[in-house]
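**Student:** Numbered per the working numbering, the sequence shown spans residues 2 to 568.
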Amino acid sequence: MTYRALYRVWRSQSFADLVGQEHVTRTLKNALKEKRFSHAYLFSGPRGTGKTSTAKIFAKAVNCRQGPAPEPCNRCETCRRIAEGSLMDVVEIDAASNRGVDEIRDLRDKVKFAPTEGRYKVYIVDEVHMLTTEAFNALLKTLEEPPDHVIFILATTEPHKLPQTIRSRCQHFPFHRIPFGEIVRHLRRVCDAQSVEIEEAALAAIARAADGGMRDALSLLDQVLAYADGRVEESTVLAVTGFTSRSTLAELWQGLAEGDVRRVLDRVDGLIREGTEPQRLIDDMIDTGRDLLLLRTAPNLPDLKDRIGGDESWMRLADRLSPGRLNRMLEVLLQASQKMKWTPHARVVLEMAVVELCHPEGAEQAASGETRPGPAPSSEGLGERIRLLERRIKELEKAVQSVSASAGAAKPERSAALSEGQGAGGEKLLRDIDPMRTEEVRRHWPEVLARVKEQKITVHAWLIDGEPVAATEEAVIVAFKNSIHRETTEKESHKTLIEKVMAEVLGSPLRLITMMRNEWQEIGDRLTGGGGEESDPSPPKKGSVEGKDIIRQAVEIFGKDLVEVTD
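1) Whole-angstrom Cβ separation of F174 and V25, contact assumed at under 8 Å?
2) H445 to L335, Cα distance in whole Å?
3) To which residues of the same chain is G382 closer than 7 Å at the C-beta, ignoring the five residues directly before and after it?
4) Can you name, in chain order, every residue of its own chain whose Cβ lies under 8 Å from the Cβ of E474, other than the five neighbours on each side?
5) Is it buried or exposed, Q456, if we count other Cβ atoms within 10 angstroms and call 16 or more buried?
6) Suppose the cutoff is 8 Å on Cβ atoms and the five residues either side in sequence are ignored; what does the same chain contact list for K36 look like?
7) Short of 6 Å in beta carbon distance, which residues of its chain neighbour V129, apart from the five on each side in sequence? Order them along the chain.
8) Quick one, are the C-beta atoms of D261 and F181 less than 8 Å apart?
9) Using beta-carbon positions only, say whether A258 and L318 come within less than 8 Å of one another.
10) What would DSSP say about R373, mapped onto helix, strand or coil?
11) In chain order, what residues of the same chain lie with their CB nearer than 8 Å to the CB of T344, ignoring the 5 residues before and after it?
12) Are V123 and I105 close, meaning C-beta to C-beta below 8 Å?
13) Quick one, are the C-beta atoms of V333 and E352 less than 8 Å apart?
14) Rounded to whole angstroms, what's the CA-CA distance from E118 to S54? Just pull it up for me.
15) Would you call the CB atoms of P47 and R209 closer than 8 Å?
16) Under a Cβ-count criterion, where at least 16 other Cβ atoms within 10 Å of its own Cβ denotes burial, should P485 be classed as buried or exposed?
17) Which whole-angstrom value is the C-beta distance of P73 and K34, which I expect to be below 8 Å?
18) At the level of alpha carbons, what is the spacing between L191 and Y42?
19) Quickly, what does DSSP pair L513 with across the bridge? List them, please.
20) Contact between the region 223-241 and the region 265-275: three or more CB pairs below 8 Å?
21) At what residues does the beta strand (DSSP E) containing D95 begin and finish?
22) Going by C-alpha distance, which of V197, G256, A218 and A251 is nearest D230?
23) Quick one: what does DSSP say A229 is sitting in, helix, strand or coil?
24) Mind pulling the alpha helix (DSSP H) runs of 4 or more residues that sit fully within the region 174-241?
25) Short check: CB of L464 to CB of V477, under 8 Å?
26) Could you name the residues that DSSP lists as bridge partners for S45?
27) Would you please state the rounded distance, in angstroms, between the beta carbons of I58 and F16? I believe it to be under 8 Å.
28) Does the beta-carbon distance from L322 to M286 come in below 8 Å?
29) Is the Cβ of A319 closer than 8 Å to any Cβ of chain D?
30) Nearest to E65 by alpha carbon, out of G325, A115 and Q14?
31) Based on Cα-Cα distance, which residue from F38, F244 and T3 lies nearest to T28?
32) Going along the chain, which residues of its own chain have a beta-carbon closer than 7 Å to the beta-carbon of A218, five neighbours each way excluded?
33) Can you tell which of V479, A472, E500 and V20 has its C-alpha closest to the C-alpha of R186?
34) Please identify the residue among W521, A472 and A354 whose C-alpha is closest to the C-alpha of F481.
35) Return the chain-ordered list of same chain residues with a C-beta closer than 8 Å to the C-beta of A6, the five sequence neighbours on each side being excluded.
36) Is the beta carbon of M215 sitting closer than 8 Å to the one on G86?
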């Protein structure tokens, strides 16, 4: 007899066999019991979670010779033929390859005919979101008022792509990812039935790779059994999938927690030499980083306990990392994972992420050979820095007042952003400028431009002329060379789109403030004493200590390209 894949052999034949979809099976069984089932259903959810299997079980239940019943008998000829796919009254349609209006019109004509072998004609339309707009329109009327003997079951992984007019005519059942623990238990039952000897750690590795899909889990188990020779161990699964072992990941996170960049990079190098893909490795680190974050913040989640398996080393590791630090580390890893998709140098991106995770303040310490974070600044040093910043704020306030006074007399026609920025709100804006935030915005600006281009290329064409020159926690100042680019960017719809993208990329709502480059240059000149008569009558000399400090502060705020020092 021809070998059949495990996911086909173990396909659910009754509602009781379905794993992890209790909310769906209970509703359908009650509807069948009360004879109150609908003429149209929409099953949505990730792949391999039981959508098509549930549709076939429902078709058997309504056509079973002992029914309609909450469960099909699976013994009568009708149930057996539906399971084999040979009953004429149960029709499976792949919408990905039959997506045109002609196929739907043909279906619409055929539904008028009465069933030949069962009580109901059941049409199971898989991947229904692939239908064209014209095909949906052709299906609409039939779906709304089908003949009494017809039941439609639509299945999709992307329900948001269906027209609302289609969704509103169906009972919608969202299928969930199957919990980790239930996948492991089901795989254990399969292995016991197949007389397969397999480690619990190997089952856990398969369940992690399946990512909530039972079909994926069974397919992977099939592949592992073909690869293994005798007892199946965790190393066998890792060799087949390319995943990284939990012990290795724990070692990597231990090194990151200690800031031991050399140790982590050595381990990463060894893994890549063994054949691990950088993208796969960083995805595994994100997965385990999520586990650590949940262990730190919500340790009683049932699925988390199954994933960790009571391993105390993960508990101890989670205790060493604060939720805030774990959040920042995950953000770095997620950004690196995104960058890998657009560069051929995935390994470099991974290594840069490791250096940043071990040394958040920059890669300079790593380059100098340090493998531990430096000592925390003393309280005296922090106090001195605070006093210095307070003094700088007062100097900036005086400079802004000077710029405001001269601007009114010399240039009455200015951009709205600059005029507004020179009042009380402008003083607060300049006071709140954060050099670290400015650097972060500049670092992520290419991603902002790319996202804007994806959503509206015309807005990108205007925005690309601008450059982020300063940022606060609430706003980003962008300076433009050409006035037409600035004015077009200031349009309400364009500005709203850009602010939305900045919030997505930078993680918090930000206001967009635009001005001309020469206006920003003028502010920079005045703050550094280059504004002539209207500046402070006795500005610090370039060579003095105080003068150097102010110049450095101006460079940090406005960028070295915009600061020109004159005697």
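Glycine included, every Cβ here is placed at the ideal spot set by N, Cα and C.
**Tutor:** So, from the data block:
1) Residue numbering aside, residue 174 sits at position 173 when the sequence shown is read from its first letter. Residue numbering aside, residue 25 sits at position 24 when the sequence shown is read from its first letter. F174 to V25, Cβ: 5 Å. Contact.
2) Along the sequence shown, one-based indexing puts residue 445 at 444. Along the sequence shown, one-based indexing puts residue 335 at 334. Those two C-alpha atoms are separated by around 13 Å.
3) Position 381 of the sequence shown holds residue 382. Model confidence at G382 stands at a pLDDT of 47, short of 50, so the residue's coordinates are unreliable; what they give is reported in the following sentence. Excluding positions up to five away in sequence, the list is empty.
4) Taking the sequence shown and counting its residues from 1, the one referred to as residue 474 is at position 473. D433, D435, R438 and S509, listed in sequence order.
5) Within the sequence shown, the letter at position 455 stands for residue 456. By the neighbour-count rule (16 or more Cβ atoms within 10 Å), Q456 is not buried but exposed.
6) Reading the sequence shown from its first residue, position 35 is the one you call residue 36. So the qualifying residues of the chain are P69.
7) Locating residue 129 in the sequence shown gives position 128, counting from the first residue. Counting only Cβ-Cβ distances below 6 Å, and skipping sequence neighbours, we find A96, L155 and T157.
8) Here the question's residue 261 lines up with position 260 in the sequence shown. Here the question's residue 181 lines up with position 180 in the sequence shown. Against a cut-off of 8 Å, the Cβ pair of F181 and D261 comes out as no contact.
9) Numbered from its first residue, the sequence shown carries residue 258 at position 257. Numbered from its first residue, the sequence shown carries residue 318 at position 317. Yes, the pair counts as a contact, with Cβ atoms nearer than the cut-off.
10) Stepping through the sequence shown from its first residue, residue 373 is reached at position 372. For R373, the pLDDT reaches just 44, beneath the cut-off of 50, and the residue's location in the model is therefore unreliable, although a value from the coordinates is still provided. In the structure shown, R373 sits in coil (DSSP, three-state: anything other than H, G, I, E or B).
11) Against the sequence shown, residue 344 aligns to sequence position 343. Counting only Cβ-Cβ distances below 8 Å, and skipping sequence neighbours, we find V350.
12) For the purposes of this step, residue 123 is taken as the residue at position 122 of the sequence shown. For the purposes of this step, residue 105 is taken as the residue at position 104 of the sequence shown. Result no, Cβ atoms of V123 and I105 do not sit closer than 8 Å.
13) If you number the sequence shown from 1, residue 333 lands on position 332. If you number the sequence shown from 1, residue 352 lands on position 351. Contact: no.
14) Taking the first residue of the sequence shown as position 1, residue 118 is located at position 117. Taking the first residue of the sequence shown as position 1, residue 54 is located at position 53. So the two alpha carbons sit approximately 21 Å from each other.
15) Within the sequence shown, numbered from 1, the residue matching residue 47 stands at position 46. Within the sequence shown, numbered from 1, the residue matching residue 209 stands at position 208. No, Cβ-Cβ distance for P47 and R209 is not below 8 Å.
16) Taking the sequence shown and counting its residues from 1, the one referred to as residue 485 is at position 484. The sequence shown places Ile at residue 485, rather than the Pro named in the question. When all chains shown are included, I485 counts as exposed.
17) Residue mapping note: residue 73 aligns to position 72 of the sequence shown, counting from 1. Residue mapping note: residue 34 aligns to position 33 of the sequence shown, counting from 1. The pair is not a contact, with the Cβ atoms about 13 Å apart (cut-off 8 Å).
18) In the sequence shown, the residue the question calls residue 191 occupies position 190. In the sequence shown, the residue the question calls residue 42 occupies position 41. Going by the sequence as given, residue 191 is Val instead of Leu. Cα to Cα, V191 sits roughly 31 Å from Y42.
19) The sequence position of residue 513 within the sequence shown is 512, counting from 1. According to DSSP, L513 bridges with V477.
20) no
21) One-based indexing of the sequence shown puts residue 95 at position 94. Counting along the chain, the beta strand (DSSP E) containing D95 begins and ends at V91 to D95.
22) Here residue 230 refers to the residue found at position 229 of the sequence shown. The residue with the shortest Cα to Cα distance from D230 is V197.
23) Start at 1 with the first residue of the sequence shown, and residue 229 comes out as number 228. Note: A229 maps to coil in three-state DSSP.
24) 181-194, 201-211 and 215-228
25) Within the sequence shown, numbered from 1, the residue matching residue 464 stands at position 463. Within the sequence shown, numbered from 1, the residue matching residue 477 stands at position 476. No, the pair does not count as a contact, with Cβ atoms beyond the cut-off.
26) On the sequence shown, position 44 is the one that residue 45 refers to. Looking at the DSSP assignment, S45 forms a beta bridge with T157 and P175.
27) Along the sequence shown, one-based indexing puts residue 58 at 57. Along the sequence shown, one-based indexing puts residue 16 at 15. That pair is a contact at about 6 Å.
28) Within the sequence shown, the letter at position 321 stands for residue 322. Within the sequence shown, the letter at position 285 stands for residue 286. No, the pair does not count as a contact, with Cβ atoms beyond the cut-off.
29) Absent from the structure is chain D; it holds one protein chain and no more.
30) Locating residue 65 in the sequence shown gives position 64, where the first residue counts as 1. A quick correction: the sequence has Cys, not Glu, at residue 65. Out of G325, A115 and Q14, Q14 has the C-alpha closest to the C-alpha of C65.
31) In the sequence shown, counting from the first residue as 1, residue 28 sits at position 27. Ranking F38, F244 and T3 by Cα distance to T28 puts F38 first.
32) Locating residue 218 in the sequence shown gives position 217, counting from the first residue. Around A218: I184, L188, I207, A208 and A211.
33) Residue mapping note: residue 186 aligns to position 185 of the sequence shown, counting from 1. Checking every option, the nearest Cα to that of R186 belongs to V20.
34) Here residue 481 refers to the residue found at position 480 when the sequence shown is read from its first residue. F481 has its Cα closest to that of W521, out of W521, A472 and A354.
35) The residue labelled residue 6 in the question sits at position 5 within the sequence shown. Contacts found: L219, S220 and D223.
36) The count along the sequence shown starts at 1 and reaches residue 215 at position 214. The count along the sequence shown starts at 1 and reaches residue 86 at position 85. Contact flag unset, no.
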